[in-house]
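Residue numbers (this note's numbering): 8 to 603.
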Amino acid sequence: QARLDEIDLAAVLAVADRLEGAIVLGVERQHLVDEKDFISAILDAVGAIVIVVDADGRLVRYNRATSEISGYTAAEIDAHESLDFLVPAEERQDVLNAIGQLQAGGSVNRRDNEWVRKDGSRRHIAWANTSVPGADGVVRYTIATGIDITDRKNLEDELAYKALHDPLTGLPNRRLLMDRLEHALQSRYGAETSLLFLDIDDFKDVNDQFGHEVGDAALKVIAERLGRAVRPGDTVARLSGDEFAVVLEDPADANAPDVVAIRILDAIRVPIEFREHRLALTVSIGTAVAGSSSVSATELLRNADFAMYAAKQAGRAQYRMYAPEDRVAADDDVRLAADLSGAVTRGELRLEYQPIVDLRSGAISGVEALVRWQHPGRGLLAPWRFISIAERTGAIIEIGDWVLDTACRALRTWQLDAPALTMAVNLSGRQLESPELTDHVRRALEENGIDPTTLTLEVTETILLADPTAVAKLEGLKALGIRLAIDDFGTGYSSISYLRRFPVDILKIDREFVDGTDSPEGLRLLHGIVQLGRLIGLDVIAEGIERPEQVGQVLEAGCDEGQGFLFARPLDALTMTRLLRDGVVGSGVDVLPRAG
Numbered sequence: 008q009a010r011l012d013e014i015d016l017a018a019v020l021a022v023a024d025r026l027e028g029a030i031v032l033g034v035e036r037q038h039l040v041d042e043k044d045f046i047s048a049i050l051d052a053v054g055a056i057v058i059v060v061d062a063d064g065r066l067v068r069y070n071r072a073t074s075e076i077s078g079y080t081a082a083e084i085d086a087h088e089s090l091d092f093l094v095p096a097e098e099r100q101d102v103l104n105a106i107g108q109l110q111a112g113g114s115v116n117r118r119d120n121e122w123v124r125k126d127g128s129r130r131h132i133a134w135a136n137t138s139v140p141g142a143d144g145v146v147r148y149t150i151a152t153g154i155d156i157t158d159r160k161n162l163e164d165e166l167a168y169k170a171l172h173d174p175l176t177g178l179p180n181r182r183l184l185m186d187r188l189e190h191a192l193q194s195r196y197g198a199e200t201s202l203l204f205l206d207i208d209d210f211k212d213v214n215d216q217f218g219h220e221v222g223d224a225a226l227k228v229i230a231e232r233l234g235r236a237v238r239p240g241d242t243v244a245r246l247s248g249d250e251f252a253v254v255l256e257d258p259a260d261a262n263a264p265d266v267v268a269i270r271i272l273d274a275i276r277v278p279i280e281f282r283e284h285r286l287a288l289t290v291s292i293g294t295a296v297a298g299s300s301s302v303s304a305t306e307l308l309r310n311a312d313f314a315m316y317a318a319k320q321a322g323r324a325q326y327r328m329y330a331p332e333d334r335v336a337a338d339d340d341v342r343l344a345a346d347l348s349g350a351v352t353r354g355e356l357r358l359e360y361q362p363i364v365d366l367r368s369g370a371i372s373g374v375e376a377l378v379r380w381q382h383p384g385r386g387l388l389a390p391w392r393f394i395s396i397a398e399r400t401g402a403i404i405e406i407g408d409w410v411l412d413t414a415c416r417a418l419r420t421w422q423l424d425a426p427a428l429t430m431a432v433n434l435s436g437r438q439l440e441s442p443e444l445t446d447h448v449r450r451a452l453e454e455n456g457i458d459p460t461t462l463t464l465e466v467t468e469t470i471l472l473a474d475p476t477a478v479a480k481l482e483g484l485k486a487l488g489i490r491l492a493i494d495d496f497g498t499g500y501s502s503i504s505y506l507r508r509f510p511v512d513i514l515k516i517d518r519e520f521v522d523g524t525d526s527p528e529g530l531r532l533l534h535g536i537v538q539l540g541r542l543i544g545l546d547v548i549a550e551g552i553e554r555p556e557q558v559g560q561v562l563e564a565g566c567d568e569g570q571g572f573l574f575a576r577p578l579d580a581l582t583m584t585r586l587l588r589d590g591v592v593g594s595g596v597d598v599l600p601r602a603g
């Protein structure tokens, strides 16, 4: 029997409202068997739990779903005056209080609580309770309508966990580290908090020489060794590819950071053996102590990062305590920020395009524009190396405008042969804050004669959650006729209620969830995310497809579109034009090397 999701709760309540009179009549006139059977048939067809209790809290009616979800037979339920026995002891008083509020004159209240099934397992139920007054206005009955949201709740909990943890090692990620670091700094021992910033020396060589499978295996071993090297209560986190961090709260003595750093150096030096490979790795460590002055988590992390670079410059495989002079020597971002100023004017930016593919036919349905920086001294830089700097300096506005204009010109050309082709362009948080954004998008569409429905603007979950005015801004963009996508879904706090808040059309599943399909748990999670998107009417695109078997897994999950290196790496405009002439992805495409 199909169960209702909370999206149907309003309909269930409407049914309950219409049944109020019939339920009261049926309770008071039990001898009218055909009427009672009629009411029971309706309640059983609702597909949600429906319970009626009188003013004394006694159970007077329930439907089939009550028995099915609780696991108890009708006879077992009838042996109880109420269903309090299904509610966990720690939640029972709250439930009774909610019912009491209704009986005291409330109209409708909503709440969630668990039920303990007959087999001991728990189900999470979302309730809408409504009171039924008699002719004298006194509440005579309470109707409780509940839906089982356990699967959705479990999916949200799992997504929330993944949003705060590194998928490869299971360690806390940067977001969780920064949260714990902020709490540590605000505690009574905040001044004694220390942070260790670790970077594995020459780890890129491991991936280049032996492949990512060996590199990933080494990272897992390193994560385990770090966990054993620190003290109970300390936090070990993975920040990025080969960068880790350790938060030491309330050190027992001033030498604790030194002691832990030495233990880590010794632990990492032990060779790692994986299959036929034997890896001898070292790590450089920078240490920063909060001290007596007020320091933020971001500043402490940055200071430890500076110290780590100083350790590398001093010969690697060692640790260094932060000193102010490290900031000048290591602040590479300052130099990049200066170089980035004027990069658009000097013509140093370029766009590459990655096809979005119909997974069943191989046809190219769209492309995503990805910006690169051809630095005059450092070569081709990928977005991760300079976009965050552009965000901080404000250069992202000029860069974003250039990307949108360039992408729209390319789309105009390609649509001469493929009118239905779509273009996806990423938006940053600073761009979304700009009051000129909507006008610029309108102008780009009009100047290039582009059908607005073929332009998609992508924003990340993190940006939406950080901006309380995001809904209004997105609605302004939607009014132009364009489509909106949530990019990297699953990397922030992902929930069905959150998705419904924003006027988006497309859900792009982060590559982490495609990579995880090697395990049954990963496949189940991918299925859950796709179904979550479908439930609320979104198109779904899977990112990061790199292996042929992933195509079948993504299709099986219900997702028909995807992108990834299996089809093509990001291509320059000329190569993309050649690929679009074929209309489908093939093996004869000359792909460019990844930007570094």
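C-beta: ideal position from N, C-alpha, C; glycine also.
Within 10 angstroms of the Cβ of residue 585, are there 16 or more other Cβ atoms? Answer buried if so, exposed if not.
-> Counting from 1 along the sequence shown, the entry for residue 585 is found at position 578. It is exposed - the Cβ of residue 585 has fewer than 16 other Cβ atoms within 10 Å.
Work out the CA separation of residue 546 and residue 106 for me, nearest whole Å.
-> Along the sequence shown, one-based indexing puts residue 106 at 99. Along the sequence shown, one-based indexing puts residue 546 at 539. Going by the C-alpha atoms only, they are around 40 Å apart.
Could you give the residue range of the alpha helix (DSSP H) that holds residue 316?
-> In the sequence shown, the residue the question calls residue 316 occupies position 309. Unbroken alpha helix (DSSP H) run through residue 316: 304–320.
Residue 109 versus residue 185 - alpha carbon distance | As a working note, residue 109 is residue 102 in the sequence shown. As a working note, residue 185 is residue 178 in the sequence shown. Cα to Cα, residue 109 sits roughly 43 Å from residue 185.
Could you tell me if residue 423 is buried or exposed, where buried requires 16 or more neighbouring beta carbons within 10 angstroms of its beta carbon?
-> Counting from 1 along the sequence shown, the entry for residue 423 is found at position 416. Exposed, since its Cβ has fewer than 16 Cβ neighbours within 10 Å.
Of the choices 478, 575 and 579, whose alpha-carbon is the least far from that of residue 591?
-> In the sequence shown, counting from the first residue as 1, residue 591 sits at position 584. Closest option to residue 591, Cα to Cα, is 575.
I think residue 558 touches residue 418, with their Cβ atoms under 8 Å apart; what is that distance to the nearest whole Å?
-> Working through the sequence shown from its first residue, we reach residue 558 at position 551. Working through the sequence shown from its first residue, we reach residue 418 at position 411. The pair is not a contact, with the Cβ atoms about 26 Å apart (cut-off 8 Å).
Note down, in chain order, each residue of its chain lying with its Cβ closer than 6 Å to the Cβ of residue 205, except the 5 sequence neighbours on either side.
-> Mapped onto the sequence shown, residue 205 falls at position 198. Correct list, in chain order: 251, 290 and 292.
Backbone secondary structure at residue 106 - three-state DSSP | Counted from its first residue, the sequence shown places residue 106 at position 99. Under the three-state reduction of DSSP output, residue 106 falls in the helix class.
Cross-strand partners of residue 421 (DSSP beta bridge) = Along the sequence shown, one-based indexing puts residue 421 at 414. In the DSSP output, where bridge partners are listed per residue, residue 421 has none listed.
Ranges of the beta strand (DSSP E) found wholly within the region 455–479, counting only runs of at least 3 | The beta strand (DSSP E) runs of length 3 or more contained entirely in the region 455–479 are, from start to end of the chain, 462–467.
Start and end of the beta strand (DSSP E) containing residue 515?
-> As a working mapping, residue 515 is identified with position 508 in the sequence shown. That run of the beta strand (DSSP E) goes 513–516.
CA-to-CA distance, residue 304 to residue 583, given in whole angstroms = If you number the sequence shown from 1, residue 583 lands on position 576. If you number the sequence shown from 1, residue 304 lands on position 297. Using only the alpha carbons, I get a separation of about 43 Å.
Among 457, 441 and 140, which residue has its Cα nearest to the Cα of residue 488?
-> Numbered from 1 along the sequence shown, position 481 holds the residue referred to as residue 488. That would be 457, whose Cα lies nearest to the Cα of residue 488.
Which runs of the alpha helix (DSSP H), 4 residues or longer, sit entirely within the region 386–456?
-> 390–400, 403–421, 436–440 and 444–455
Which residue or residues does DSSP assign as beta-bridge partners of residue 341?
-> Numbered from 1 along the sequence shown, position 334 holds the residue referred to as residue 341. Beta-bridge pairing links residue 341 to no other residue.
Could you tell me the distance, in whole angstroms, from the CA atom of residue 129 to the CA atom of residue 445?
-> Numbered from its first residue, the sequence shown carries residue 129 at position 122. Numbered from its first residue, the sequence shown carries residue 445 at position 438. If you take the alpha carbons of residue 129 and residue 445, they lie about 48 Å apart.
Rounded straight-line distance, which links the Cα of residue 411 to that of residue 240 = For the purposes of this step, residue 240 is taken as the residue at position 233 of the sequence shown. For the purposes of this step, residue 411 is taken as the residue at position 404 of the sequence shown. Roughly 47 Å between the two C-alpha positions.
Inter-residue spacing [alpha-carbon to alpha-carbon] between residue 617 and residue 171 = No answer is possible for residue 617: the residues shown for the chain start at 8 and end at 603.
In terms of alpha-carbon separation, which member of 118, 371 and 70 lies closest to residue 588?
-> Sequence index remark: in the sequence shown, residue 588 carries index 581 (1-based). When each option's Cα is compared against that of residue 588, the closest is 371.
Hey, which unbroken runs of the beta strand (DSSP E) at 3 residues or more fall wholly within the region 160–209?
-> Contiguous beta strand (DSSP E) elements confined to the region 160–209 occur at 201–207, taking only those with 3 or more residues.
Beta-carbon separation (whole angstroms), residue 548 vs residue 568, contact threshold 8 Å = As a first step, residue 548 must be located in the sequence shown, where it is residue number 541. As a first step, residue 568 must be located in the sequence shown, where it is residue number 561. About 5 Å separates the two Cβ atoms, so the contact holds.
Given residue 551 as reference, the closest of 518, 468 and 384 once Cα atoms are compared | By 1-based counting over the sequence shown, the position of residue 551 is 544. Minimum Cα distance to residue 551 is reached at 518.
What are the boundary residues of the beta strand (DSSP E) that residue 84 is part of?
-> The residue given as residue 84 occupies position 77 in the sequence shown. Unbroken run through residue 84 is the alpha helix (DSSP H), 81–85; no beta strand (DSSP E).
Would you report the Cα separation of residue 461 and residue 415, rounded to the nearest angstrom?
-> Walking along the sequence shown from the start, residue 461 turns up at place 454. Walking along the sequence shown from the start, residue 415 turns up at place 408. Near 10 Å, if we compare the C-alpha coordinates of residue 415 and residue 461.
In terms of residues, what are the limits of the alpha helix (DSSP H) holding residue 634?
-> Missing from the structure shown is residue 634; the chain here goes from 8 to 603 and no further.
Are the region 214–224 and the region 261–273 touching, with three or more C-beta to C-beta distances below 8 Å?
-> no
Alpha helix (DSSP H) segment containing residue 234, residue limits = On the sequence shown, position 227 is the one that residue 234 refers to. Start and end: 219–236.
Between residue 560 and residue 369, what straight-line distance do the alpha-carbon atoms span, to the nearest angstrom?
-> Within the sequence shown, the letter at position 553 stands for residue 560. Within the sequence shown, the letter at position 362 stands for residue 369. Those two C-alpha atoms are separated by around 15 Å.
Which two residues bound the contiguous alpha helix (DSSP H) that contains residue 74?
-> The residue you call residue 74 lines up with position 67 of the sequence shown. That run of the alpha helix (DSSP H) goes 71–77.
Could you pull out every residue in the same chain whose Cβ sits closer than 6 Å to the Cβ of residue 39, ignoring the five residues on either side in sequence?
-> Here residue 39 is taken as the residue at index 32 of the sequence shown, counted from 1. For residue 39, the predicted structure reports a pLDDT of 43, less than 50, and the residue's modelled location is therefore unreliable. The matter cannot be settled from this model.
Reduced DSSP secondary structure (H/G/I, E/B, other) of residue 59 = By one-based count along the sequence shown, residue 59 stands at place 52. Here residue 59 sits in strand by DSSP.
How long is the line joining the alpha carbons of residue 454 and residue 464, rounded to whole angstroms?
-> By 1-based counting over the sequence shown, the position of residue 454 is 447. By 1-based counting over the sequence shown, the position of residue 464 is 457. Whole-angstrom Cα-Cα distance: 18 Å.
Alpha-carbon to alpha-carbon, residue 168 and residue 315 | As a working mapping, residue 315 is identified with position 308 in the sequence shown. As a working mapping, residue 168 is identified with position 161 in the sequence shown. In a straight line, the C-alpha of residue 315 is about 29 Å away from that of residue 168.
Would you mind working out which of 89, 394, 246 and 326 sits nearest residue 176, comparing C-alpha positions?
-> For the purposes of this step, residue 176 is taken as residue 169 along the sequence shown, with counting starting at 1. The residue with the shortest Cα to Cα distance from residue 176 is 246.
Within 7 Å, strictly: CB atoms of residue 253 and residue 277 | Residue 253 sits at position 246 when you count from the first residue of the sequence shown. Residue 277 sits at position 270 when you count from the first residue of the sequence shown. Not in contact: residue 253 and residue 277 (Cβ atoms no closer than 7 Å).
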